[in-house]
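Have a look at the structure below, then the notes.
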Amino acid sequence: MTPIVLASTFAQDGPGVLKGPYDYSRAGNPTRTALEQCLAALEGAKHGVAFGSGCAATTALLLTLKSGDHVLVGDDVYGGTFRIFDKVMKQFGLDATFMDLSDPAKVREAIRPNTRMLWLETPSNPMLKIFDIAALAEVAKKANVTLAVDNTFATPMLQRPLDLGATVAVHSTTKYLNGHSDVVGGAALTSDDELGEKLHFIQKSVGGVQSPFDSYMVLRGLKTLGVRMRQHVKSAEVLVDHLTRHGLVTRVFYPGLESHPGHAVAARQMKGFGGMISLDLRVGDKGTAPSAAFLRALRVFTCAESLGGVESLAELPAIMTHASLTPEARRSLGIGDGLVRLSVGLEDVEDLKEDLERGFRAMEAAL
Ligand code: P1T
12 MTPIVLASTF AQDGPGVLKG PYDYSRAGNP TRTALEQCLA ALEGAKHGVA FGSGCAATTA
72 LLLTLKSGDH VLVGDDVYGG TFRIFDKVMK QFGLDATFMD LSDPAKVREA IRPNTRMLWL
132 ETPSNPMLKI FDIAALAEVA KKANVTLAVD NTFATPMLQR PLDLGATVAV HSTTKYLNGH
192 SDVVGGAALT SDDELGEKLH FIQKSVGGVQ SPFDSYMVLR GLKTLGVRMR QHVKSAEVLV
252 DHLTRHGLVT RVFYPGLESH PGHAVAARQM KGFGGMISLD LRVGDKGTAP SAAFLRALRV
312 FTCAESLGGV ESLAELPAIM THASLTPEAR RSLGIGDGLV RLSVGLEDVE DLKEDLERGF
372 RAMEAAL
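Position 5 (the sequence shown) corresponds to 16 in the working numbering; numbering is contiguous.
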């Protein structure tokens, strides 16, 4: 097994005469290197850079840009990612435009002379929108723009953005890659030598690194990524089938559904449609009371933020993961009072179905 090298510093043979590749663990650590190489291999990348959270990975990538640069961002992204653009980087002069990236021709028109990066999630969080990575990679390449794809929801088991032409894949390893809800981590993977070098420089300069222990934990989780993803997808498909027939559900968002607007693209660029499901509950004019009753009644699903672990989670994006969006942004995306996001875990799928029924009964009583 990969040793956990806890040393913060490494003895030198004399001033500046290193015994090996490491001098100080912020700049490099053997356990972290093992994780970085493993993640890079999974994404088919030359360079892997691991961080202390997905948000730290996102921020590091944006720190490769400079004041006055512009980023085109997919309109549906994790609330924390929106906050980095809207509340943190904006203060330093990084300009961002959020837009639906479904039409590559419109994306081409939206690129400005100072646009340096195109940033997207596919499937996106929480509306599970699908964007065409290969088509957008072509647009990005022609405009000499970096294409960054947050691949957290799909994982490299289901989708490899670099193979489709993206410049860099970003991950919250907190989710499926670690898979056991006991690590917060992130990574950026690229085959672009210049970007890889910049990311390593930002990593050691700014220092939001993944600890050796957490690097070990993610490596351990990765060993079962393939079997876990197969089961997440299988159970999600069973639940989607159940939910689409339910009278208290107005809409199910899942790229595996033929009615999903991104289904054809997802079928082309993904090997499976993932373990995340969003659904709109028929809450009428009762606000979040019925959906909150639904979530409170669940016993197998845990009401919590995050996703991708072995245990199923359920949450209300409007007041949990996407509370940092403006109310207008939430409204235009369809993140309303009845929108519930499910992360389908590895429990027996019949138990999960029964649990959802328990939620529906409680919701009905609140209507
Ligand atoms: O939580 P952290 O490891 O910093 O990762 C941020 C992040 C980045 N990208 C995507 C697509 C994400 O979903 C996240 C984190 N998301 C949640 C905590 C959530 O419940 O959606």
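No residue lacks a Cβ here, since even glycine has one placed at the ideal position from N, Cα and C.
Short Cβ contact (9 Å threshold) for residue i with residue j
i           : j           : result
residue 215 : residue 37  : yes
residue 288 : residue 311 : no
residue 54  : residue 200 : yes
residue 232 : residue 191 : yes
residue 374 : residue 304 : yes
residue 198 : residue 76  : no
residue 247 : residue 88  : no
residue 243 : residue 196 : no
residue 364 : residue 271 : no
residue 91  : residue 186 : no
residue 444 : residue 249 : No answer is possible for residue 444: the residues shown for the chain start at 12 and end at 378.
residue 128 : residue 156 : yes
residue 259 : residue 293 : yes
residue 52  : residue 60  : no
residue 74  : residue 194 : no
residue 82  : residue 133 : no
residue 280 : residue 107 : no
residue 357 : residue 325 : no
residue 57  : residue 204 : yes
Alpha carbon of residue i to alpha carbon of residue j, nearest angstrom
i           : j           : result
residue 207 : residue 351 : 37 Å
residue 328 : residue 181 : 22 Å
residue 93  : residue 24  : 47 Å
residue 130 : residue 43  : 26 Å
residue 346 : residue 316 : 15 Å
residue 17  : residue 34  : 13 Å
residue 63  : residue 367 : 34 Å
residue 298 : residue 68  : 35 Å
residue 105 : residue 12  : 42 Å
residue 211 : residue 170 : 25 Å
residue 39  : residue 116 : 42 Å
residue 136 : residue 183 : 12 Å
residue 334 : residue 235 : 33 Å
Buried versus exposed call for residue i [16 or more other C-beta atoms within 10 Å across all chains shown]
i           : result
residue 152 : exposed
residue 359 : exposed
residue 343 : exposed
residue 337 : exposed
residue 296 : exposed
residue 102 : exposed
residue 29  : exposed
residue 140 : buried
residue 79  : exposed
Whole-angstrom C-beta distance between residue j and residue i, which should lie under 8 Å
i           : j           : result
residue 159 : residue 179 : 5 Å
residue 175 : residue 142 : With 8 Å as the limit, residue 175 and residue 142 do not qualify as a contact, their Cβ atoms being about 11 Å apart.
residue 300 : residue 177 : So it is not a contact: roughly 42 Å between Cβ atoms.
residue 138 : residue 264 : 6 Å
residue 331 : residue 240 : Wrong, their Cβ atoms sit about 24 Å apart, outside the cutoff.
residue 4   : residue 119 : Given that the chain is displayed from residue 12 to residue 378, the structure contains no residue 4 and the question cannot be resolved.
residue 257 : residue 266 : Contact doesn't hold; Cβ gap of about 19 Å is too wide.
residue 164 : residue 15  : Not quite, the Cβ-Cβ distance comes to about 29 Å (not below 8 Å), so this is no contact.
residue 291 : residue 255 : At roughly 12 Å, the Cβ-Cβ gap does not stay under 8 Å, so residue 291 and residue 255 are not in contact.
residue 318 : residue 370 : Wrong, their Cβ atoms sit about 18 Å apart, outside the cutoff.
Bridge-paired residues (DSSP) for residue i
i           : result
residue 110 : 85
residue 37  : In the DSSP output, where bridge partners are listed per residue, residue 37 has none listed.
residue 326 : 352
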